[in-house]
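Chemist:
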Amino acid sequence: MPKNDLATARAELAAKLTHALNEALAPSAAPAPIVLVDAPGGLGKSHITARLLQHRRVTWFGERNRLLGAVEGYLSTPLLGVVPLPPATTTAVTSNAGIEKRPSREDEGFCSQFDKRIKPLQMFGLGRFEQRMGCKLCPDRDTCKYQNWRPSKPWLFASHARLGLRNDDKYLFEGREIVVIDESPVKEVLQAVTLEPYEIHQILSALKAPDVVALGELSTRAFTQLFEVVSDLLDDPPPNRRRIELRVLLRELGYVFVDGLPRAEEQIRAAARLLAGQPEGGERERQNKDMGAHVCRIDPMSTAYLIQKLEFIGGQGLGAKLHKLADALAADTGARPTCVLVLPSGESRGGIIAGQRVIPPVPPQVPIVILDATCDQLLYAYMFPDRPLLHVHVEAQQTARIIQTIDYRYPASTLGDPNSPSINRLMDIVDKYKAENPGHKIAVIVQKHLFAAKPQVKKRILESVKEEDVAYFWSNRGENALKDYDALFVLGAPELHPLEIEARARAYISTEPPASWEDPFDYRLVPSPNQDSSEGYVVADDGTRLIERRFRRGPFSVFWAFHQAEYAQSMLRLRPYDPHKKKTIYFFSNVDIPYFVIERKTEDELLGRKPDLLLRARDALMNERAAGRQGIITQKDLADLLRVSKVAITKAKKKYGRTGLWREIEVLLGHSQNATAGSAGASGPSS
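Numbered as in UniProt numbering, the sequence shown ends at 687 without a single skipped number.
1) Could you check the C-alpha separation between residue 109 and residue 118 for me, to the nearest Å?
2) Could you pull the start and end residues of the alpha helix (DSSP H) that residue 73 belongs to?
3) Look at residue 415 and residue 457 and say whether their C-beta atoms are less than 8 Å apart.
4) In the stretch 318 to 384, which residue ranges form an unbroken beta strand (DSSP E) of at least 3 residues, counting only runs that do not cross its ends?
5) Are the beta-carbon atoms belonging to residue 620 and residue 642 less than 8 Å from one another?
6) What is the DSSP secondary structure of residue 242, counted as helix, strand or coil?
7) Below 8 Å on the Cβ atoms is my guess for residue 244 versus residue 227; work out the distance and round it to an integer in Å.
8) Per the DSSP calculation, residue 59 is bridged to which residue(s)?
9) Whole-angstrom Cβ separation of residue 179 and residue 461, contact assumed at under 8 Å?
10) So the alpha helix (DSSP H) residue 412 belongs to, where does it begin and stop?
11) Apply the 10 Å Cβ neighbour rule to residue 647 and answer buried if 16 or more other Cβ atoms are within range, or exposed otherwise.
12) Using a 10 Å radius around the Cβ and a threshold of 16 neighbouring Cβ atoms, would you call residue 198 buried or exposed?
13) When you compare only the Cα positions, how much space is there between residue 142 and residue 148?
14) I'd like the span of the beta strand (DSSP E) that includes residue 147, first residue to last.
15) The alpha helix (DSSP H) spanning residue 456 covers which residue range?
16) Per DSSP, residue 599 is paired with what?
17) Within 10 Å of its beta-carbon, does residue 66 have 16 or more other beta-carbons around it, so buried, or fewer, so exposed?
18) Taking the C-alpha atoms as reference points, what is the distance between residue 53 and residue 85?
19) Just checking, does the stretch 430 to 437 make contact with the stretch 384 to 400 on the three C-beta pairs under 8 Å criterion?
20) Looking at C-alpha atoms only, which residue of 371, 453, 10 is the closest neighbour of residue 418?
21) Note down the Cα distance separating residue 73 from residue 47, rounded to an integer number of angstroms.
22) Which residues mark the beginning and the end of the beta strand (DSSP E) in which residue 491 is found?
23) Within 10 angstroms of its Cβ, does residue 636 collect 16 or more other Cβ (buried), or is it exposed?
24) Candidates 365, 45, 603, 361: which alpha carbon is nearest residue 383's?
25) Report the rounded CA-to-CA distance for residue 389 versus residue 492, giving the unit in angstroms.
26) Which residue wins for smallest C-alpha separation from residue 490, given the options 470, 318, 156?
27) Just tell me which of 650, 349, 15, 632 has its CA closest to the CA of residue 639.
28) Given 8 Å as the limit, is there contact between the stretch 493 to 508 and the stretch 335 to 354, that is, 3 or more CB pairs closer than that?
29) In whole angstroms, what separates the C-alpha of residue 57 from that of residue 174?
30) Per DSSP, what kind of secondary structure is residue 7 in: helix, strand or coil?
31) Could you check whether residue 18 and residue 37 sit closer than 8 Å to each other, using their CB atoms as the reference points?
32) Among 497, 326, 405, whose alpha-carbon lies nearest the alpha-carbon of residue 350?
33) Between residue 318 and residue 353, what straight-line distance do the alpha-carbon atoms span, to the nearest angstrom?
34) Who are the near neighbours of residue 365 in its chain, counting only those whose CB is closer than 8 Å to its CB and skipping five residues on each side?
35) Beta-carbon within less than 6 Å of residue 593's beta-carbon, same chain only, minus the 5 sequence neighbours each way: which residues are those?
Here it is in C-alpha cells:
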C-alpha cells in the first residue's frame with residue numbers, strides 16, 4: 001500500500017492532471033483525447049479538476065442534479081498549490097463567471113404546457129424519451145422558454161441522464177472547451193432493458209381483455225400470437241437454458257414488418273400525441289375528421305400502439321420498457337444481436353433482454369475528462385474506441401481501519417430470509433461496537449430493496465441505528481455524506497440480476513464480431529428437433545455463469561463495472577483517505593476489494609466468542625509446521641489434531657471453502673518448501 005499522505009497525493013494529482021489537461025486542450029486534429037483520472041475517493045479529484053478548469057468553458061456532468069451545489073463550492077474554494085489553467089485567448093470568461101444548470105420542465109415559468117402535455121406522460125410512467133417527443137409536438141415549441149433556453153455562463157452543469165440521450169441538445173457542447181464526467185458514465189452508455197415472464201403474461205392478458213379495442217384484426221392477432229408463443233416457451237422451458245433471437249422468432253411468426261420497424265423516436269412521437277389527447281382511430285377518428293382536426297395514425301404493430309391500448313402498462317413501468325425494447329430491435333445491426341429471449345433453466349429466470357450502447361454525443365474536437373476511482377482502462381478504451389486515452393493515476397495512504405468478515409457470502413436472499421439468523425448476527429456485532437464506543441457515530445450500508453421490502457430486516461436494523469443513519473448501495477457515487485461517521489457497517493454487496501448484466505454485456509459487445517479463438521457469445525443456427533417454426537434458431541447453453549465465460553472483454557468487464565467496481569466505489573465514498581476523521585469500516589461480504597489493506601476477522605472474533613474451528617485449525621497447522629513437520633497433512637490428520645470428527649472438517653470445508661481463511665488452511669495442509677514463506681497470509685477473498 002502506498003505511503004503517500006493526503007497532502008502529498010493531492011499535490012501529485014494536481015501536477016499530473018495539470019500536465020494531462022494542457023495536453024488535451026492543446027490544438028490538435030480530432031478526435032480529442034479522454035483524460036481518465038484514477039484516484040481514491042475523498043482525495044479531491046472533483047475539487048482539483050474544477051479549480052484547474054475554472055477559467056475555461058466547461059460542461060460538467062454530475063451523478064445527480066443536486067450535486068450542482070458541490071460543484072459551485074469547488075469553484076469558489078481555492079486549494080493550496082492548485083494553479084488554474086490560464087484562459088484560452090479566444091474564450092476568456094472573466095466577465096460573467098459562474099455555473100448554471102439546464103432548467104427543468106417543471107420549473108415555474110419554463111413549460112407553458114407542462115400540466116397538459118407532460119404530466120399525462122409522467123402519469124403513464126413514460127420517461128425522458130417520451131417527454132422530449134411530447135415537447136417536439138407542442139404548438140408552443142417555437143416560443144417555449146424551456147426549449148429556447150441557452151446557457152449564458154461559462155460553466156454548465158447537467159446530470160448523467162443526459163449522457164444517454166441521443167438528442168439534439170447541442171447547446172450542451174456549443175462553445176465548450178472541455179467536458180467533465182464526474183463518476184463513471186457506464187450506466188448511461190450501456191443501457192439495458194429486461195422483460196420478465198410475469199410482465200409478458202401481463203401484456204398477453206391485457207391484449208385479451210374485453211375492453212381492448214383493436215385498430216384491426218391483424219394487429220390484435222399478431223401481438224397475441226407473439227406473446228402467446230413467448231409465454232408458452234417460458235412456461236414450458238427446455239431442459240437447459242437457451243436463447244432465441246427475437247428477430248428470427250418474429251420472422252418465423254410472419255412479422256415481415258420487423259425489417260422496417262419504426263425507430264423508437266417515431267413510436268414515441270406517436271405515443272406522445274395520443275397521450276396528449278389526440279385520438280387515433282375508430283369512431284373518435286371519424287368525429288375528428290368531421291371537425292377537421294389533425295389525427296395521428298399509428299403503426300398497429302408498434303409499441304406505441306401497445307402503450308395507447310394498454311394504458312395500465314405504462315403506469316407500472318412497462319411502457320418505457322417496451323419502447324426501449326423496440327429501440328434495441330430497431331438498432332440491432334451489429335455483429336452480435338442485442339435482443340434475445342432467454343428461456344429459463346432450473347437456475348435462472350427467463351425473459352426478454354436487450355441492450356444498447358449509446359455513446360455520449362460529445363463533439364470529437366472536445367476533450368473529455370472522466371473522474372473514476374475504480375476506472376478500467378480497457379473498458380473506457382473500448383467504449384470510446386476513436387479517442388486516445390491519457391491516464392492519470394494517483395494513490396494515497398489509507399487512514400481508516402478496515403475489517404472484512406468473509407464467514408459467509410451474505411447475499412440479499414440470506415440476509416432477507418426470515419428463517420436465517422444472518423441479519424441478527426451482524427447487527428449483534430453493531431450493538432457490541434456501540435456498547436464499547438458509546439460516543440461514536442455509526443451508519444449501516446445495505447441494499448435499499450432489502451431494507452424497504454423486508455420488514456424483519458428493517459426492524460432489526462432500526463433496533464440498533466436510526467433510519468437517518470442507514471445508507472444504500474447504488475447511491476454513494478459522488479456523495480460524501482458519510483465522511484463524518486466513526487464506524488460504518490456494510491451488509492452484503494450490491495447485486496444485479498444476471499439478466500441485467502447480460503443485457504448490458506450485449507450492449508457492450510454488440511458491434512464486436514467474435515474473435516477467431518473464442519466461442520460465439522450469442523447464436524449459431526441449430527435446427528429444431530421437432531421442426532417447430534417458433535424454435536427454429538436456438539443456441540445450446542453450457543450452463544456456465546456469465547462471469548465465467550472467459551471473454552477478454554465483454555461480460556466480465558461489464559460484471560466488474562456494475563458489481564465489484566460499484567461495490568468498491570461505494571466503499572471508497574466512505575472516506576478511508578481522510579486523516580482528519582479516523583474511522584473503522586466493517587465489510588460483511590467475501591467480494592474482493594483490492595483497493596484496501598484489510599484485516600480479516602470472523603464473526604466469532606468480532607463478537608468476542610471462543611475461536612471457531614477454522615481458527616483453531618489454522619493455529620494447530622501453523623504450530624505443526626513451525627515444529628518442523630513436513631509433507632502432506634490429511635483432513636483426517638487435522639481432525640485428530642483438533643480432536644474432532646473428520647465429518648466436522650468436511651462440513652467446515654463445505655461452509656468456508658471459498659474464504660481466504662480456508663485457503664490458508666489448504667496451503668498449510670499441502671505444505672511444501674515453496675509455500676511456507678507468506679503464501680498463507682497473501683490469499684484474498686474469493687470474488
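Idealized CB from N, CA, C, for every residue including glycine. Bear in mind that the values here come from a model prediction, so they are computed numbers and not experimental data.
Modeler: The structure says:
1) On the sequence shown, position 109 is the one that residue 109 refers to. On the sequence shown, position 118 is the one that residue 118 refers to. Distance between the alpha carbons of residue 109 and residue 118: 14 Å.
2) As a position in the sequence shown, residue 73 is number 73, starting the count at 1. 68 to 76 is the span of the alpha helix (DSSP H), which, as asked, contains residue 73.
3) Numbered from 1 along the sequence shown, position 415 holds the residue referred to as residue 415. Numbered from 1 along the sequence shown, position 457 holds the residue referred to as residue 457. In this structure, residue 457 lies closer than 8 Å to residue 415 by Cβ.
4) 339 to 343, 351 to 357, 368 to 371
5) Taking the first residue of the sequence shown as position 1, residue 620 is located at position 620. Taking the first residue of the sequence shown as position 1, residue 642 is located at position 642. Contact flag set, yes.
6) Within the sequence shown, numbered from 1, the residue matching residue 242 stands at position 242. Residue state, collapsed to three classes: strand.
7) To locate residue 244, count along the sequence shown from 1; it is residue 244. To locate residue 227, count along the sequence shown from 1; it is residue 227. Not confirmed; about 14 Å, so no contact.
8) Locating residue 59 in the sequence shown gives position 59, counting from the first residue. According to DSSP, residue 59 bridges with 156, 179.
9) If you number the sequence shown from 1, residue 179 lands on position 179. If you number the sequence shown from 1, residue 461 lands on position 461. Not quite, the Cβ-Cβ distance comes to about 40 Å (not below 8 Å), so this is no contact.
10) Residue numbering aside, residue 412 sits at position 412 when the sequence shown is read from its first letter. Its alpha helix (DSSP H) spans residues 412 to 415.
11) The residue given as residue 647 occupies position 647 in the sequence shown. The residue in question, residue 647, is exposed, as its Cβ has fewer than 16 Cβ neighbours within 10 Å.
12) Sequence index remark: in the sequence shown, residue 198 carries index 198 (1-based). So residue 198 ends up on the exposed side.
13) Here residue 142 is taken as the residue at index 142 of the sequence shown, counted from 1. Here residue 148 is taken as the residue at index 148 of the sequence shown, counted from 1. C-alpha separation (whole angstroms): 8 Å.
14) As a first step, residue 147 must be located in the sequence shown, where it is residue number 147. Counting along the chain, residue 147 falls outside any beta strand (DSSP E), and DSSP gives it neither H nor E.
15) Residue 456 sits at position 456 when you count from the first residue of the sequence shown. Run containing residue 456: 455 to 462, per the alpha helix (DSSP H) assignment.
16) Residue numbering aside, residue 599 sits at position 599 when the sequence shown is read from its first letter. 403.
17) For the purposes of this step, residue 66 is taken as residue 66 along the sequence shown, with counting starting at 1. Answer is exposed; the Cβ neighbour count stays below 16.
18) By one-based count along the sequence shown, residue 53 stands at place 53. By one-based count along the sequence shown, residue 85 stands at place 85. Cα to Cα, the separation comes out at about 6 Å.
19) no
20) On the sequence shown, residue 418 is found 418 positions in, with the first residue counted as 1. Closest by alpha carbon: 453.
21) Position 73 of the sequence shown, counting from 1, holds the residue named residue 73. Position 47 of the sequence shown, counting from 1, holds the residue named residue 47. When rounded, the distance between both Cα atoms is 9 Å.
22) The residue given as residue 491 occupies position 491 in the sequence shown. Taken as a continuous stretch (DSSP letters only), the beta strand (DSSP E) holding residue 491 covers 487 to 491.
23) As a working note, residue 636 is residue 636 in the sequence shown. Looking at its Cβ environment, which holds fewer than 16 other Cβ atoms inside 10 Å, residue 636 is exposed.
24) Residue 383 sits at position 383 when you count from the first residue of the sequence shown. For residue 383, the nearest C-alpha among the options comes from 361.
25) Numbered from its first residue, the sequence shown carries residue 389 at position 389. Numbered from its first residue, the sequence shown carries residue 492 at position 492. So the two alpha carbons sit approximately 34 Å from each other.
26) Residue mapping note: residue 490 aligns to position 490 of the sequence shown, counting from 1. The residue with the shortest Cα to Cα distance from residue 490 is 470.
27) Residue mapping note: residue 639 aligns to position 639 of the sequence shown, counting from 1. The candidate whose alpha carbon is nearest that of residue 639 is 650.
28) yes
29) Here the question's residue 57 lines up with position 57 in the sequence shown. Here the question's residue 174 lines up with position 174 in the sequence shown. When rounded, the distance between both Cα atoms is 10 Å.
30) On the sequence shown, position 7 is the one that residue 7 refers to. Note: residue 7 maps to helix in three-state DSSP.
31) Along the sequence shown, one-based indexing puts residue 37 at 37. Along the sequence shown, one-based indexing puts residue 18 at 18. In this structure, residue 18 does not lie closer than 8 Å to residue 37 by Cβ.
32) Position 350 of the sequence shown, counted from the first residue, corresponds to residue 350. Nearest C-alpha to residue 350: 497.
33) The sequence position of residue 318 within the sequence shown is 318, counting from 1. The sequence position of residue 353 within the sequence shown is 353, counting from 1. Answer to the nearest angstrom: the Cα atoms are 13 Å apart.
34) Translated into positions along the sequence shown, residue 365 becomes position 365. Cβ within range, chain order: 30, 31, 32.
35) As a first step, residue 593 is located in the sequence shown; it is residue number 593 there, counting from the start. Excluding residues within five positions, the ones whose Cβ falls inside 6 Å are 568.
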